[in-house]
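Student: Numbering (the numbering used here), first residue to last: 159 to 514.
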Ligand code: PLP
Ligand code: COI
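(1) State buried or exposed for residue 429, treating a residue as buried only when at least 16 other CB atoms are found within 10 Å of its CB.
(2) Is it the case that the Cβ atoms of residue 457 and residue 418 are separated by a distance below 7 Å?
(3) Can the beta-carbon of residue 481 be found less than 7 Å from the beta-carbon of residue 320?
(4) Under 6 Å from any heavy atom of the ligand PLP, does the C-beta of residue 344 make it?
(5) Confirm, please, whether the CB-CB distance from residue 387 to residue 414 is below 7 Å.
(6) Pair every Cβ in the region 257-264 with every Cβ in the region 215-235, then say whether three or more of these pairs are closer than 8 Å.
(7) Assign residue 475 to one of three DSSP states: helix, strand, or coil.
(8) If you draw a straight line from the C-alpha of residue 447 to the C-alpha of residue 488, how long is it?
(9) Of the choices 263, 452, 466, 187, whose alpha-carbon is the least far from that of residue 275?
(10) Secondary structure at residue 258, three-state DSSP: helix, strand or coil?
(11) Could you give the distance in angstroms between the alpha-carbon of residue 348 and the alpha-carbon of residue 367?
(12) Compare the Cα-Cα distances from residue 306 to each of 216, 249, 240 and report the closest residue.
(13) Between 473, 175, 235, which has its C-alpha nearest residue 502's C-alpha?
(14) List the residues that DSSP assigns as beta-bridge partners of residue 465.
(15) Nearest by alpha-carbon distance to residue 242: which of 356, 395, 270 is it?
(16) For the ligand PLP, is there a heavy atom less than 6 Å away from the beta-carbon of residue 413?
(17) Report the residue from 245, 314, 205, 264 whose alpha carbon sits nearest the alpha carbon of residue 213.
(18) Please state if the CB of residue 468 and the CB of residue 477 are separated by a distance shorter than 7 Å.
(19) Is residue 458 near the ligand COI, judged by its Cβ being under 6 Å from some heavy atom?
(20) Going by C-alpha distance, which of 193, 434, 205 is nearest residue 263?
(21) Report the rounded CA-to-CA distance for residue 197 versus residue 295, giving the unit in angstroms.
(22) Which residues mark the beginning and the end of the beta strand (DSSP E) in which residue 315 is found?
(23) Name the residue from 311, 303, 362, 408 whose alpha carbon lies nearest to the alpha carbon of residue 350.
(24) Given a cut-off of 7 Å, decide if residue 344 and residue 381 are closer than it, judged by their beta-carbon atoms.
(25) Would you list the residues sitting across from residue 217 in a DSSP beta bridge?
(26) Given 8 Å as the limit, is there contact between the region 428-445 and the region 387-397, that is, 3 or more CB pairs closer than that?
(27) The beta strand (DSSP E) that contains residue 402, what's its start and end?
(28) Provide the residue span of the alpha helix (DSSP H) that contains residue 273, from first to last.
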């Protein structure tokens, strides 16, 4: 990649109050842009002031959703330094998503350099309080002006950033989950494993129905049999079942979460048996009604670890841990949060410092 041009190093928008940050509402001073054209490949990487993009209404992304995205965070350690968590895994997942959506790949080193350059330009925007962070949203859109259904020839890679608060400002608090039985999120051969906007557009209706019933998130079943547990709207899911941690295996329909992988590695370090397998909802809810389902939690970049207090599927309604946070869920949160925010060591080398 050519050198990244930084056209506006200093702008001074007011920063939102660090104690009342709302996810994805306030954006930093800068954004990263890079274009793609067949003759030049990815070119003109640049940091510019955050602002509107000029796109024609015929731009392909608006019609056929040829788009992929990522989500990662920059965390501030107690000494003021800033770090990324497993950003190379986001680069690899973006590459895999690009392959599925016929979008030209971005070399992993270029993805990393772009993320680091934006965090560097918006250094002061990384909040200081434990639990807060700078959420980074890289995405690629198809930019040809054409209504034909084929791969675009031109693309735009953008990274925007927003300071975000602790998901649970008052400490971890359990969420309620409704198992969706009508709509499905993904089928094998589709785009379930990719992080593309279309997956989320199609999930909104089920989320609205769950909200009307008073639930905060949807749990998806597999799209063919509507039998096996897959994942939550924006998180992977894990269960402590008969003393073992069970999580749906990655069959191409579930997003391969980086937090999921991290939790499985931590659990293995602790000698806790882990099973990645197909998990029928029937098995899960029968176990729950027999008191064998000890804990459940979601894992994701935005939420970190999200304890689940209530699960509903068909005639089953199950309260877990008396609606409290289970001990293993709490241990996972404390261990992962300690690594992310730099209050605990990082024995796996997951942290990448950003040079100031
Ligand atoms: N599943 C879905 C559908 C998601 O949107 C996310 C969020 O990124 C996850 C799982 C968790 O993935 P990660 O841990 O990489 O953030
Ligand atoms: C993340 O956890 O990074 C996500 O991408 C969730 C997002 C869809 C809100």
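Glycine included, each C-beta is placed from N, C-alpha and C at the ideal position.
Tutor: On the basis of the coordinates in this document:
(1) exposed
(2) yes
(3) no
(4) no
(5) no
(6) yes
(7) strand
(8) 23 Å
(9) 187
(10) helix
(11) 24 Å
(12) 216
(13) 235
(14) 455
(15) 270
(16) yes
(17) 314
(18) yes
(19) yes
(20) 193
(21) 27 Å
(22) 313-322
(23) 408
(24) yes
(25) 303
(26) yes
(27) 402-406
(28) 266-279
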